[in-house]
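What follows is a single structure, written as structure tokens, with notes after it.
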Amino acid sequence: MSVKISGVKGMNDVLPAQVGRWHELEAVAREVFALYGYREVRTPVVEPHALFARGVGEATDIVSKEMYVFEDKGEDRLALRPEGTAGTVRAFIEHGAYVEGPQKWFYMGPMFRRERPQKGRYRQFHQIGCEAFGVAEPAIDAEQIAMLDDYLSRLGVKATLKLNSVGDPACRPAYLDLLRGYLSAHAAALCGDCRERTQKNPLRVLDCKVPTCQPVLERAPRLAEHLCQGCRDHFEAVQAGLGALGVAFTVEPRLVRGLDYYVRTAYEFTSDALGAQSAVAGGGRYDGLVETLGGPPTPGIGFALGAERLTLILEAMGRPVPAARPEVFLISADAPGAVAVLGLAATLRRAGVACDLDARGGKFARQIRQAERVGARFALVLGGQELAAGEAKLRDMATRAETPVKLADLAAVLSKGR
RNA sequence: GUGGGUAUAGCUCAACUGGUAGAGCACUGGACUGUGGAUCCGGGGGUUAAGGGUUCGAACCCCUUUACUCACCCCA
Numbered sequence: 002m003s004v005k006i007s008g009v010k011g012m013n014d015v016l017p018a019q020v021g022r023w024h025e026l027e028a029v030a031r032e033v034f035a036l037y038g039y040r041e042v043r044t045p046v047v048e049p050h051a052l053f054a055r056g057v058g059e060a061t062d063i064v065s066k067e068m069y070v071f072e073d074k075g076e077d078r079l080a081l082r083p084e085g086t087a088g089t090v091r092a093f094i095e096h097g098a099y100v101e102g103p104q105k106w107f108y109m110g111p112m113f114r115r116e117r118p119q120k121g122r123y124r125q126f127h128q129i130g131c132e133a134f135g136v137a138e139p140a141i142d143a144e145q146i147a148m149l150d151d152y153l154s155r156l157g158v159k160a161t162l163k164l165n166s167v168g169d170p171a172c173r174p175a176y177l178d179l180l181r182g183y184l185s186a187h188a189a190a191l192c193g194d195c196r197e198r199t200q201k202n203p204l205r206v207l208d209c210k211v212p213t214c215q216p217v218l219e220r221a222p223r224l225a226e227h228l229c230q231g232c233r234d235h236f237e238a239v240q241a242g243l244g245a246l247g248v249a250f251t252v253e254p255r256l257v258r259g260l261d262y263y264v265r266t267a268y269e270f271t272s273d274a275l276g277a278q279s280a281v282a283g284g285g286r287y288d289g290l291v292e293t294l295g296g297p298p299t300p301g302i303g304f305a306l307g308a309e310r311l312t313l314i315l316e317a318m319g320r321p322v323p324a325a326r327p328e329v330f331l332i333s334a335d336a337p338g339a340v341a342v343l344g345l346a347a348t349l350r351r352a353g354v355a356c357d358l359d360a361r362g363g364k365f366a367r368q369i370r371q372a373e374r375v376g377a378r379f380a381l382v383l384g385g386q387e388l389a390a391g392e393a394k395l396r397d398m399a400t401r402a403e404t405p406v407k408l409a410d411l412a413a414v415l416s417k418g419r
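Residue numbers (our numbering): 2 to 419.
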């Protein structure tokens, strides 16, 4: 063997033994989202750097220090997408989808952020996300959150819904000034991180876990009390909608979203199975984003689910990984059987019966062990004896009962049994 | 970017506080030359992450590097 090459830090392989879990989580997403009228969109993994700088926000950590940026032969400044909303909005605008009225789209795929990996956080990670464009009314917020709740419960995932309103351009700037003023006045009592965040992202300060900061934070002006009438009404309507839909939630006044584009509704589903990175899904409203990216004023709301985080939860729950197993494993008992078995497999496959065989041939005992290992429901034994009689022995792997079946009838018998 | 922890067979881990590398699982062969999950016997597999130092002798002690991992920051 020559020098071993290992994978890129923070970018993981999903091996066949685990991939069933991913299929499950993607299949359930497609199923549930379709029930709510969301349709899948696929956009490139690479986008112009400017899309994220303008859309997500130049000052956010994601854009300023976590993005993979590169020059494409010196011509264009490109970036690996660090999140899915910006690209989706870009496609929405570029194809003029807004002329057709409200749209509900979803996507799934890899995202890239160059951070230090840890549990539940990777440099290439996968998100499943939904975006609803063109509806400003709070009913869509409630519907979308309920859909996410529905999705999680179908997977058996227990997560807590936290809800907040982060205001809008009418009320947030004034509140931020107020908060900054208050924090600056009490800077001496705050930790170093908080003093920095006071300027950069004052809402984050409210989330600080340092004990010495708490007394100051408890008396800080609260966003909820400074929302404008529009935001307040919206927030209340979302809560009422969730109540009507039977979705449990808690209002979390300190819940903040990291991306610049969020307004009003902000929400997060968290799980305690995840270690420090407790968010399974997070989302919110982004009414100004479409316009920021060059489209007509269009309200929107969306969320993203962390697929790796979901798999971690499912694993912690002990939920078994669904496995694809062949229906039949063909076993050749001797040389004539070994020749016949390939052709028989082809016939069965044409009839839609999933089958496998050990192409090495070899000892009977090994083949049947192989059938056991791959989880086949039946073994089909074929040798000179059987061929002479124009049949094969069908062995039920669970009961070990063997019944002769005419070769001509095999495909029909097996595809009927499914 | 900053801290802590860990690196021994494909996987999970041993190896008497320095004496020359072992088990289980997995794989593979046989007992059973046409019948699996059990049992028994055998086999392949390791520069003990890498490099340097101390020592008669290092998986073990010291230094450096790398990787992995958890946490901070931030987020899905």
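Ideal Cβ placement from N, Cα and C applies to all residues, glycine included.
Reduced DSSP secondary structure (H/G/I, E/B, other) of residue i
{"i": "Ala267", "result": "strand"}
{"i": "Met12", "result": "coil"}
{"i": "His187", "result": "coil"}
{"i": "Gln278", "result": "coil"}
{"i": "Pro405", "result": "strand"}
{"i": "Asp77", "result": "strand"}
{"i": "Arg122", "result": "strand"}
{"i": "His127", "result": "strand"}
{"i": "Glu101", "result": "helix"}
{"i": "Glu132", "result": "strand"}
{"i": "Ile302", "result": "strand"}
{"i": "Cys195", "result": "helix"}
{"i": "Pro297", "result": "coil"}
{"i": "Gly56", "result": "helix"}
{"i": "Thr251", "result": "strand"}
{"i": "Gly338", "result": "helix"}
Alpha carbon of residue i to alpha carbon of residue j, nearest angstrom
{"i": "Ala245", "j": "Val90", "result": "30 Å"}
{"i": "Val158", "j": "Ala393", "result": "46 Å"}
{"i": "Thr293", "j": "Gly376", "result": "54 Å"}
{"i": "Val1", "j": "Ala238", "result": "Any answer about residue 1 is impossible in this case: the structure gives the chain only from 2 up to 419."}
{"i": "Cys88", "j": "Val57", "result": "At residue 88 the sequence reads Gly, which differs from the Cys that was named. Distance between the alpha carbons of Gly88 and Val57: 10 Å."}
{"i": "Glu27", "j": "Val340", "result": "40 Å"}
{"i": "Glu48", "j": "Leu243", "result": "36 Å"}
{"i": "Gly426", "j": "Gln19", "result": "With the chain covering 2 to 419 only, the question about residue 426 has no answer from this structure."}
{"i": "Val252", "j": "Arg173", "result": "18 Å"}
{"i": "Leu381", "j": "Lys417", "result": "16 Å"}
{"i": "Ala221", "j": "Gln200", "result": "15 Å"}
{"i": "Gln386", "j": "Pro405", "result": "11 Å"}
{"i": "Phe126", "j": "Gly193", "result": "31 Å"}
{"i": "Leu290", "j": "Glu132", "result": "12 Å"}
{"i": "Ala190", "j": "Gln215", "result": "9 Å"}
{"i": "Arg255", "j": "Leu180", "result": "13 Å"}
{"i": "Leu184", "j": "Pro321", "result": "49 Å"}
{"i": "Ala188", "j": "Pro139", "result": "37 Å"}
{"i": "Met186", "j": "His96", "result": "The question names Met, but residue 186 is Ala in the sequence shown. Answer to the nearest angstrom: the Cα atoms are 49 Å apart."}
{"i": "Arg280", "j": "Val211", "result": "According to the sequence as given, residue 280 is Ala; it is not Arg. Taking the straight line joining both Cα atoms gives about 20 Å."}
{"i": "Ile94", "j": "Ile141", "result": "20 Å"}
{"i": "Glu67", "j": "Leu16", "result": "27 Å"}
Cβ pair residue i, residue j closer than 8 Å
{"i": "Arg31", "j": "Lys105", "result": "no"}
{"i": "Gly307", "j": "Ile63", "result": "no"}
{"i": "Val264", "j": "Arg233", "result": "no"}
{"i": "Gly75", "j": "Phe107", "result": "no"}
{"i": "Val42", "j": "Ala92", "result": "yes"}
{"i": "Gly338", "j": "Leu408", "result": "no"}
{"i": "Val46", "j": "Arg82", "result": "yes"}
{"i": "Phe330", "j": "Asp357", "result": "yes"}
{"i": "Gly430", "j": "Tyr262", "result": "Summary: the structure shown does not reach residue 430, with the chain confined to residues 2 through 419, and so no result is reported for it."}
{"i": "Arg310", "j": "Gly121", "result": "yes"}
{"i": "Tyr37", "j": "Met112", "result": "no"}
{"i": "Ala143", "j": "Leu153", "result": "no"}
{"i": "Thr348", "j": "Ala413", "result": "no"}
{"i": "Ile146", "j": "Leu162", "result": "yes"}
{"i": "Pro297", "j": "Tyr176", "result": "no"}
{"i": "Phe134", "j": "Pro103", "result": "yes"}
{"i": "Arg22", "j": "Leu315", "result": "yes"}
{"i": "Leu383", "j": "Leu345", "result": "yes"}
N- and C-terminal bounds of the alpha helix (DSSP H) containing residue i
{"i": "Asp142", "result": "139-155"}
{"i": "Val217", "result": "215-219"}
{"i": "Ala28", "result": "17-36"}
{"i": "Asp234", "result": "230-246"}
{"i": "Phe330", "result": "First-last for Phe330: 329-333, but that is the beta strand (DSSP E), not the alpha helix (DSSP H)."}
Segment limits, beta strand (DSSP E) that includes residue i
{"i": "Thr161", "result": "161-166"}
{"i": "Glu48", "result": "47-49"}
{"i": "Lys394", "result": "392-397"}
{"i": "Ala92", "result": "Here Ala92 belongs to no beta strand (DSSP E); instead the alpha helix (DSSP H) covers 86-95."}
{"i": "Val382", "result": "379-383"}
Does the region 321-334 come within contact of the region 361-370, defined as at least 3 CB pairs closer than 8 Å? yes
Can at least three beta-carbon pairs, one atom from the region 219-236 and one from the region 160-173, be found at a separation below 8 Å? yes
If you pair each beta-carbon of the region 196-206 with each one of the region 302-316, do three or more pairs fall below 8 Å? no
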